[in-house]
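Just so you know, we're using the numbering used here here: the sequence shown kicks off at 1193 and counts up by one. Down below is the structure, laid out as structure tokens.
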Amino acid sequence: MSETPQKRLFIKTYGCQMNVYDSERMADVLRPLGYGVVDEPEGADLVVLNTCHIREKATEKVYSELGYIKQMKDRKAEAGGRMTIAVAGCVAQAEGKEIMNRQKAVDLVVGPQAYHQLPELIARAHRATGERLAADFAADEKFDALPAERHVTGVTAFLTVQEGCDKFCTFCVVPYTRGGEWSRPVNDIVEEAKRLADQGVREVTLLGQNVNAYDGDGSTLAKLVRQLAKIDGLDRIRYTTSHPRDMGDDLIEAHGELPELMPYLHLPVQAGSDKILKAMNRDHTAESYVKLIEKIRAARPDIAMSGDFIVGFPGERDGDFEKTLELVREVGFASAFSFKYSRRPGTPASAMPGQVDEAVKAERLERLNQLLDEQQRAFNASQVGKVLPVLFEKAGRHPGQIVGRSPYLQAVHAEGGEQLIGTIVPVHIESAAKMSLAGRLEPVLETA
Ligand code: 5AD
Ligand code: SF4
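So this is what it looks like as structure tokens:
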């Protein structure tokens, strides 16, 4: 374990889970070249910032981080060493040339579809010649060229099955940074999942910007999930993020039938006013969303709902915002992510009239968060007294404590030995907080 890598690679990941997956794959691509991952950027040979462009704040963080990294690069150069700085991810895709102009210390910029080219780009940057930008490649080239082997350490893993988006919500940069919808072939995914299971992974989260639009050689996400559910050792399957318009009947049925498919669904709704939903180009109404949830709950009554919300979209008036609160009350969310609308250059909404004042956005966000927090606490509290199967993932912060996840994705703390990590154990839930549950292991009853 303590083998010193020849070259030190530091990767910092921003944004969504797909970036987490991509960062792991970048490490996989670079490992054969002698790069080992380290926890600190100071002194690293290669620093990769895997960036997020979704909101302005996320983008600005990257530039300020680059300022710090540049100082480390200068320190290393003074000591006679060399640090290569690479910017990857969606900011790289959207602002490639601009990054190089704004921060001269950046050696290379690599978009989300070109990670397999990292070794070559690094070699070129070292020679300081030629093209340093690689932003436009097809997604299939990326997956074909990434090494089949993955280096996983835990009992849960992400697995990208789909990339890109054709929905063009008017606020969102994803269709521009990640390109059109593309699905990986079923067999490739099944093979990757089997290898993960062989390495001890018990739970896999299928990733895609529009994961429920998955269409791999005509196979739907439901069909893919049914195949994955057959893999020995793979006991839990999750998927994220979904769009209401792609929530097919077969996927809803699968929720009712497959014990491996976890009863938790992240299904962003964004807003509760039909006027705003239309201006967002969401292609669903508040009512059609509520009806959809009713259908899903009819198939899987205990499903925990999660969502994304945007407040202060252009043209949103108090009455529109009240409709978002009404929808939240009607659906009941176990968890949620809410954001102030952020004006992204190049997206249709950024040019819309009726941009909302920052103070109004902040006030609405606070009110929405209050309601969502209450719902989250109430949902967690409703688990107290129940016995939930928990997949233990790691040791807790306190000695003798282990931490895992319930089927509803809540963190669960319990007293127990580390030999339980990687096993699914019934836990009697005794208390609940906003972010987690605590309980004790159910004694396994001896059968006479
Ligand atoms: N402003 C605020 N939130 C945004 N999101 C996407 N684009 C924007 C934006 N311009 C949110 C949406 C999406 C989540 C990933 O980020 O809620 O579902
Ligand atoms: Fe963005 Fe809408 Fe596509 Fe989601 S569905 S990635 S919010 S454009």
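Glycine included, C-beta positions come from ideal geometry on N, C-alpha and C.
By how many angstroms is the C-alpha of residue j removed from the C-alpha of residue i?
i	j	result
Ala1278	Ala1528	32 Å
Lys1268	Ala1236	9 Å
Ala1271	Met1544	52 Å
Phe1505	Asp1358	21 Å
Tyr1533	Gly1524	22 Å
Gln1602	Val1520	20 Å
Leu1629	Ala1471	39 Å
Asn1667	Thr1362	In the structure displayed, the chain extends from 1193 to 1640; residue 1667 sits before or after that span and is not available.
Gly1281	Glu1634	44 Å
Thr1205	Cys1244	8 Å
Gln1309	Tyr1227	15 Å
Pro1581	Pro1460	26 Å
Val1240	Phe1202	6 Å
Lys1553	Thr1539	19 Å
Arg1294	Gly1631	51 Å
Ala1284	Ala1573	42 Å
Ala1570	Glu1312	52 Å
Leu1560	Val1548	16 Å
Ala1526	Tyr1456	9 Å
Ser1530	Gly1609	37 Å
Ala1405	Leu1583	28 Å
Glu1290	Ala1315	22 Å
Arg1223	Arg1247	32 Å
Glu1373	Val1595	36 Å
Val1229	Thr1251	24 Å
Val1347	Ala1587	12 Å
Lys1467	Tyr1481	14 Å
Leu1238	Tyr1260	14 Å
Could you check if residue i belongs to the surroundings of the ligand 5AD, using beta carbon to heavy atom distance under 7 Å?
i	result
Ala1431	The question names Ala, but residue 1431 is Tyr in the sequence shown. No; taking the cut-off as 7 Å, the Cβ of Tyr1431 has no heavy atom of the ligand 5AD nearer than that.
Arg1247	yes
Pro1537	no
Tyr1481	no
Phe1363	yes
Ile1502	yes
Gln1285	no
Gln1198	no
Gln1547	no
Gln1462	yes
Using a threshold of 7 Å, is the CB atom of residue i nearer than that to any non-hydrogen atom of the ligand SF4?
i	result
Asn1402	yes
Pro1367	yes
His1435	yes
Lys1532	no
Phe1360	yes
Cys1357	yes
Which word fits residue i, buried or exposed, when buried means at least 16 other C-beta atoms lie within 10 angstroms of its C-beta?
i	result
Pro1591	exposed
Lys1578	exposed
Glu1622	exposed
Arg1200	buried
Met1210	buried
Gly1371	buried
Lys1249	exposed
Asn1379	exposed
Which residue comes first and which comes last in the beta strand (DSSP E) that contains residue i?
i	result
Leu1563	Counting along the chain, Leu1563 falls outside any beta strand (DSSP E), though it belongs to the alpha helix (DSSP H) covering Glu1550 to Ala1573.
Asn1242	Leu1238 to Thr1243
His1605	Ala1603 to Glu1607
Tyr1227	Tyr1227 to Val1229
Val1396	Glu1395 to Leu1399
Thr1352	Thr1348 to Thr1352
Val1344	Where Val1344 is concerned, there is no enclosing beta strand (DSSP E), given that its DSSP letter is neither H nor E.
Ala1496	Ala1496 to Val1503
Lys1532	Ser1527 to Lys1532
Leu1612	No beta strand (DSSP E) contains Leu1612, which DSSP labels as neither H nor E.
Arg1632	Ser1628 to Leu1633
What residue range is occupied by the uninterrupted alpha helix (DSSP H) comprising residue i?
i	result
Asp1266	Glu1248 to Glu1270
Thr1516	Asp1510 to Val1523
Pro1591	Run containing Pro1591: none; DSSP gives neither H nor E here.
Ser1215	Gln1209 to Leu1222
Pro1618	Note, Pro1618: premise wrong, no alpha helix (DSSP H); beta strand (DSSP E) at Ile1616 to Ala1624.
Lys1386	Val1378 to Asp1390
Leu1310	Leu1310 to Arg1319
Thr1205	Unbroken run through Thr1205 is the beta strand (DSSP E), Lys1199 to Thr1205; no alpha helix (DSSP H).
Val1366	Val1366 to Thr1369
Quick one: complete alpha helix (DSSP H) runs, 4+ long, within the stretch 1466-1493?
-> At a cut-off of 4 residues, the continuous stretches assigned as alpha helix (DSSP H) that sit fully inside the stretch 1466-1493 are 1466-1471 and 1478-1491.
Taking only runs that begin and end inside the stretch 1274-1300, name each unbroken beta strand (DSSP E) of 3 or more residues, in chain order.
-> 1276-1281
Would you mind listing the alpha helix (DSSP H) stretches within the stretch 1416-1465 that are 4+ residues and don't spill past its ends, in chain order?
-> 1441-1449
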